[in-house]
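> Structure incoming, see below.
Protein chains in written order, with our numbering: chain A, 7 to 296; chain B, 14 to 328; chain C, -6 to 232.
Below is the structure:
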């Protein structure tokens, strides 16, 4: 009985790590840059494809690809924000109008990115095998790549937390999250900080996708939407605007998903949705929100 | 605040449009393909007008269009063999109405973003649920549908089109429509003026869903096979939004014009560039949001205002 | 007879006590002033009474009925109307439609003992917006926009009207006109509670004044009593 519990706990946390990462990324884009990025999942998808391409075509290990992809996707996200969202923010007649327009722009972005991926890589599902050998971890056997994924997510999460709490940029981000206008008045280069947050969000999404591709062979241009939904549900679960909450929420949801999948494989999304519905009914501010 | 001349002008243009639509089969000698082509355009017009009916005045962006369309599709899939056509279609509409009212009363109490996020996932949720149900409970995925002829389907769509235009017009001119406008301007002020804001939003959302359900039931009569993935396709949530943004959402003609232009474009693009059309539409959306957020209507109204202010200066 | 009674009202936001154990009453037909330094919790109190916020604890009774926790639209229909600090008119609608909305949705049929100022046009005349019915609300001057908010509130046939800084941003002439309008409204039988910073107005037209500071009620009395109250003077030192 105890062994089964640990088994479930570890299994859930392994997936939860990825959920936590993509949720924090989404939370940064919505909580700070105020962009409801419906295309978040597409960056996850691109991260998966980047890892796949680098591995199968160039033989680069995903763990090394991580250090290539992370800055690359950060840059891509940063540029997209400056080119697409900054003009929208500047010309918007109200914050609410900007939120609406940026969401619609993300919708457009979703279709552009998905179609591009379809053109470049085609529709069939892709996967690769990396570090798939079994390893004994705390009494249960798991594929090595899953353990690596868990460690990677935790390390990345803690690094980011440290960055937010202790660096000057991190403080600027927290100020902008509270009140973008006030932060600007106090000397923060708001356009740069917001673009930075969007870039960080894209980076985390791509990293999540990369880690995902290591553990499952589900890489296809259409994989993104499901993960966007998961990120949304986790962010609401943790509390909109609460980074720590998103991180913890990701692990909670991963655990729930693992348990549901072991009983009834097709219903994990439905279970997440029920949780979402429950939250909206009873506690929309989430577990840790104000 | 239209002048009498302007109002008669628009009523006459609608009547002319109606006559053209009713006589269409005569013009194209009942060609099946062409009738379905026009029916397809009508489908998009109805979806866009319904979408704009709610999301326009309130500013709550719904991405659930595909969910309600799919509910209608399933009404056809389940009942078209046993029940008369008109009942099947009405069931599709009513089921969507109920679903929308339920979703609305839960999520419309909250900020717009929660609503949008929930509607975004609703399509996926229903698809997953149905797929799981069909695989595990009924054992077969997908159903067969009995198809009536193209002319029947065409006239069904014309009727739905008339109904949605009528409903839009009635809502705009009623106290309900006034309340809706007030809600769009300031929900707080509207609530303190005695308007039950959540209920008004939910009812409007449900009415718009009703027409989406009718449309789903009607158009899927043409498909001989129905499965969850075909019925609940997220791009059907995207197209009405794109068409409404492109056309505009202020006057009634705007979404009609936007949808007509775009559905013709869609028909052309899906045949000529089957691998690129989503890319083109996505880019269009980005360009429209960035450079003409009020759509074609915004441009037209600005030109009209310039013309009219010329007259005012003269008198 | 008290038209409104509040007992033990508390409202917290995070760690901040916006309203702290407030008791109070409003007599029917009086003009009650609510003053206090910025951040004292005046608008929060309004929000609690109008239903925009739910109190953490405490009760509010309107004409003998417990309305604690009721939704704003229900309270509006029962007879409490309000204006907002940041004027919340329906900008793109006509002046007439703004008022009509109040009339159509806020004034229910079984309202005995409600001040009836007539239909939307009559109300526009009453507040001084005659002939502006077809104008778009956003095209009005600030003073007229405030008149419109009052008109819309009056259209709901209220027994109690809450005015939130209705004189802010007005010229001295406009302030005098506003004071006249407030008196006119009271003379029609509508009870008024008003938040104001314009001291001259408060002292001249209010029958009674309540003073808040940091969410607590620190003083209550006639204008003469308040001007002599030591605590109030200390709180306002520097104002």
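In this text, a Cβ means the ideal position worked out from N, Cα and C, and glycines have one as well.
Could you spell out the range, first to last residue, of the beta strand (DSSP E) harbouring residue 5(C)?
Locating residue 5(C) in the third chain gives position 12, counting from the first residue. Taken as a continuous stretch (DSSP letters only), the beta strand (DSSP E) holding residue 5(C) covers -5 to 6.
> Report the neighbours of residue 120(B) on chain A: residues whose CB is nearer than 8 Å to its CB, in chain order.
Here residue 120(B) refers to the residue found at position 107 when the second chain is read from its first residue. Chain A residues near residue 120(B): 286.
> At the level of alpha carbons, what is the spacing between residue 37(C) and residue 106(B)?
By one-based count along the third chain, residue 37(C) stands at place 44. By one-based count along the second chain, residue 106(B) stands at place 93. If I take the Cα positions, the gap works out to 44 Å.
> Under 8 Å by Cβ, that's how I've got residue 159(A) and residue 217(A) pegged, so tell me the actual separation to the nearest angstrom.
Locating residue 159(A) in the first chain gives position 153, where the first residue counts as 1. Locating residue 217(A) in the first chain gives position 211, where the first residue counts as 1. Their Cβ separation, rounded to whole angstroms, is 7 Å, which keeps residue 159(A) and residue 217(A) in contact under 8 Å.
> Only counting runs of 3 or more residues, tell me where the beta strand (DSSP E) segments fall wholly within the region 41 to 74 of chain C, in order along the chain.
Segments of the beta strand (DSSP E) lying fully in the region 41 to 74 of chain C: 50 to 55.
> Which word fits residue 194(B), buried or exposed, when buried means at least 16 other C-beta atoms lie within 10 angstroms of its C-beta?
As a working mapping, residue 194(B) is identified with position 181 in the second chain. It is buried - the Cβ of residue 194(B) has at least 16 other Cβ atoms within 10 Å.
> Are the C-beta atoms of residue 25(B) and some chain A residue less than 8 Å apart?
As a first step, residue 25(B) is located in the second chain; it is residue number 12 there, counting from the start. So no, residue 25(B) is outside the interface.
> Please report how far the alpha carbon of residue 149(C) lies from the alpha carbon of residue 161(B), in whole angstroms.
On the third chain, residue 149(C) is found 156 positions in, with the first residue counted as 1. On the second chain, residue 161(B) is found 148 positions in, with the first residue counted as 1. Roughly 54 Å between the two C-alpha positions.
> Identify which residue in 222(A), 47(A), 120(A) and 29(A) has its Cα closest to the Cα of residue 58(A).
The residue you call residue 58(A) lines up with position 52 of the first chain. If we check each option's Cα against that of residue 58(A), 222(A) comes out closest.
> Given this structure, state the Cα-to-Cα distance separating residue 152(A) from residue 284(B), to the nearest angstrom.
If you number the first chain from 1, residue 152(A) lands on position 146. If you number the second chain from 1, residue 284(B) lands on position 271. Their Cα atoms are separated by approximately 44 Å.
> My guess is that residue 256(A) and residue 240(A) are in contact by the Cβ rule of under 8 Å, so how many angstroms apart are they, rounded?
On the first chain, position 250 is the one that residue 256(A) refers to. On the first chain, position 234 is the one that residue 240(A) refers to. Yes, they are in contact, since the Cβ atoms of residue 256(A) and residue 240(A) sit about 5 Å apart, within 8 Å.
> Less than 6 Å between C-beta atoms, sequence neighbours within five positions excluded: which residues of the same chain meet that for residue 21(C)?
Translated into the one-based positions of the third chain, residue 21(C) becomes position 28. Closer than 6 Å at Cβ, skipping near neighbours: -6, -4 and 184.
> By alpha-carbon positions, which one of 197(B), 173(B) and 221(B) ends up nearest to residue 35(B)?
In the second chain, the residue the question calls residue 35(B) occupies position 22. That would be 173(B), whose Cα lies nearest to the Cα of residue 35(B).
> Pull up the DSSP beta-bridge partners for residue 204(C), would you.
In the third chain, counting from the first residue as 1, residue 204(C) sits at position 211. DSSP lists 28(C) and 212(C) as partners of residue 204(C).
> Decide if residue 157(B) is buried, meaning its Cβ has at least 16 other Cβ atoms within 10 Å, or exposed.
As a working note, residue 157(B) is residue 144 in the second chain. Classification for residue 157(B): exposed.
> Can you tell me whether residue 221(C) is helix, strand or coil according to DSSP?
As a first step, residue 221(C) is located in the third chain; it is residue number 228 there, counting from the start. Of the three classes helix, strand and coil, the one that applies to residue 221(C) here is helix, per DSSP.
> Under a CB-based cut-off of 8 Å, is residue 240(B) close to chain A?
What you label residue 240(B) is simply residue 227 of the second chain in a count that begins at 1. Output row for residue 240(B): interface = no.
> Is the beta carbon of residue 102(B) less than 8 Å from the beta carbon of residue 230(B)?
Position 89 of the second chain holds residue 102(B). Position 217 of the second chain holds residue 230(B). Yes; because the gap between Cβ atoms is below 8 Å, this pair is in contact.
> Going by Cα to Cα distance, which pick from 218(B), 206(B) and 58(B) is closest to residue 72(C)?
Taking the first residue of the third chain as 1, we reach residue 72(C) at position 79. Nearest C-alpha to residue 72(C): 206(B).
> Could you give the DSSP three-state label for residue 213(A): helix, strand or coil?
As a first step, residue 213(A) is located in the first chain; it is residue number 207 there, counting from the start. Helix, per DSSP.
> Consult DSSP for residue 36(C) and reduce its assignment to one of helix, strand or coil.
One-based indexing of the third chain puts residue 36(C) at position 43. In the structure shown, residue 36(C) sits in a helix (DSSP, three-state: H, G or I).
> Run the CB neighbour count on residue 284(A), radius 10 Å, all protein chains shown included, and call it buried at 16 or more, exposed below.
The count along the first chain starts at 1 and reaches residue 284(A) at position 278. Exposed, because fewer than 16 other Cβ atoms sit within 10 Å of the Cβ of residue 284(A).
> Among the residues of its own chain, which have a CB less than 8 Å from the CB of residue 232(A), if the five just before and after it don't count?
Along the first chain, one-based indexing puts residue 232(A) at 226. The residues are 47 and 275.
> Since residue 200(B) meets chain A, which of its residues come closer than 8 Å, beta carbon to beta carbon?
To locate residue 200(B), count along the second chain from 1; it is residue 187. In chain order: nothing, as chain A lies at least about 11 Å away.
> Please tell me whether residue 57(C) has its Cβ less than 8 Å away from any Cβ of chain B.
Within the third chain, residue 57(C) is the residue found at index 64, counting from 1. It does not; no Cβ of chain B falls within 8 Å.
> Measure from the C-beta of residue 205(B) to each C-beta in chain C and report whether the shortest distance is under 8 Å.
Your numbering for residue 205(B) matches position 192 in the second chain. By this cut-off, residue 205(B) is an interface position.
> Could you name each continuous alpha helix (DSSP H) segment of 4 residues or more that falls completely within the region 161 to 249 of chain B, going from the start of the chain to the end?
List check, alpha helix (DSSP H) in window: 163 to 186, 188 to 198, 200 to 205, 210 to 232 and 241 to 244.
> According to DSSP, what are the bridge partners of residue 146(A)?
Residue mapping note: residue 146(A) aligns to position 140 of the first chain, counting from 1. Note: residue 146(A) sits in a beta bridge opposite 143(A).
> Please list, in chain order, all residues of the same chain as residue 85(C) whose beta carbon is under 8 Å from its beta carbon, the five residues on each side excluded.
The residue labelled residue 85(C) in the question sits at position 92 within the third chain. The residues are 129, 130 and 131.
> Measure the beta-carbon distance from residue 243(A) to residue 258(A) and round it to whole angstroms, keeping in mind my assumption that it falls under 8 Å.
By one-based count along the first chain, residue 243(A) stands at place 237. By one-based count along the first chain, residue 258(A) stands at place 252. Contact flag correct, Cβ pair sits at about 7 Å.
> With a threshold of 8 Å between beta carbons, is residue 127(B) in contact with chain A?
By one-based count along the second chain, residue 127(B) stands at place 114. True, the Cβ-Cβ gap to chain A drops below 8 Å.
> Opposite residue 154(C) in the DSSP bridges: which residues?
The count along the third chain starts at 1 and reaches residue 154(C) at position 161. Residue 154(C) is bridged to 74(C) and 185(C).
> Could you compute how far the alpha carbon of residue 197(B) sits from the alpha carbon of residue 73(B)?
As a working mapping, residue 197(B) is identified with position 184 in the second chain. As a working mapping, residue 73(B) is identified with position 60 in the second chain. Cα-Cα distance, rounded: 9 Å.
> Taking all protein chains shown into account, decide if residue 221(C) is buried (16 or more other Cβ within 10 angstroms of its Cβ) or exposed.
Taking the first residue of the third chain as 1, we reach residue 221(C) at position 228. Its Cβ having fewer than 16 others within 10 Å, residue 221(C) is exposed.
> So, at 6 Å on beta carbons, what are the nonlocal neighbours of residue 57(B) in its own chain, with the 5 sequence-adjacent residues on each side left out?
For this step, residue 57(B) is matched to residue 44 along the second chain. Result list for residue 57(B): 272 and 276, in chain order.
> Going by beta carbon distance, what residues of the same chain come within less than 7 Å of residue 80(C), once the five residues before and after it are set aside?
The residue given as residue 80(C) occupies position 87 in the third chain. Cβ neighbours of residue 80(C) beyond the five flanking positions: 138, 139 and 142.
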